[in-house]
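Student: For reference, the structure I am asking about is given below.
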Amino acid sequence: MPPESPLAKFCFPVRVRFADTDLQGHVFFGNYFTYMDEAFMAYIDELGFAWETLGEMGLAVYYVDSGCQFKGPSFFGDHLNVHTQISQLGNSSLTAEMAVVREHDQAVVAVGYIKGVLVDNRTEKSTPIPEALHEAIATYQDG
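Here it is as structure tokens:
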């Protein structure tokens, strides 16, 4: 997601902990993937499809691809907002794009994505995304 794109409607707040930083004082790069994972799951929860709900439906989400571009540093104590939207919906896959924005100056410090595949818990094979989830995404993002 290029930083020029409008920010997504859904926003997940993160406060950078000291433990999130490296010897240089920056957020360690791997922690951006944790922030994005938390934002993706919070977004799905916002739609009414929390992890527990998916489990009750016999479903899970397996991550199959992810990436992140680092645009600038963030530091201990920074308040970040992880703007998240679903950018692609396949038969069984969904891709979430994120922009991590430092709150105090609105600088985009990272952009990335996570691609997940819906899987049947019994067979561990990909399974179509339920129509209700398709509709929830469309209603949330277009509303």
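Going by our numbering, the sequence shown opens with residue 305, and the numbers climb by one from there. Beta carbons are placed, not taken as given, at the ideal position from N, Cα and C, and that holds for glycine.
(1) Determine, using beta carbons only, whether Val-386 and Ala-343 come nearer to each other than 8 angstroms.
(2) Quick one: Cα of Met-340 to Cα of Ala-400, how far?
(3) Cα separation between Arg-426 and Lys-419?
(4) At what residue ranges does the segment 348-385 contain a whole run of the alpha helix (DSSP H), taking only runs of 4 or more?
(5) Alpha carbons only, please: which of Leu-384, Met-361, Leu-422 is nearest the one belonging to Cys-315?
(6) Can you say whether Val-318 is buried or exposed, counting buried as having 16 or more other CB atoms within 10 angstroms of its CB?
(7) Could you round the C-beta distance between Arg-406 and Ser-430 to whole angstroms and report it? I think they count as a contact, below 8 angstroms.
Tutor: Once the coordinates are examined:
(1) yes
(2) 9 angstroms
(3) 21 angstroms
(4) 355-360
(5) Leu-384
(6) buried
(7) Contact flag wrong, Cβ pair sits at about 36 angstroms.
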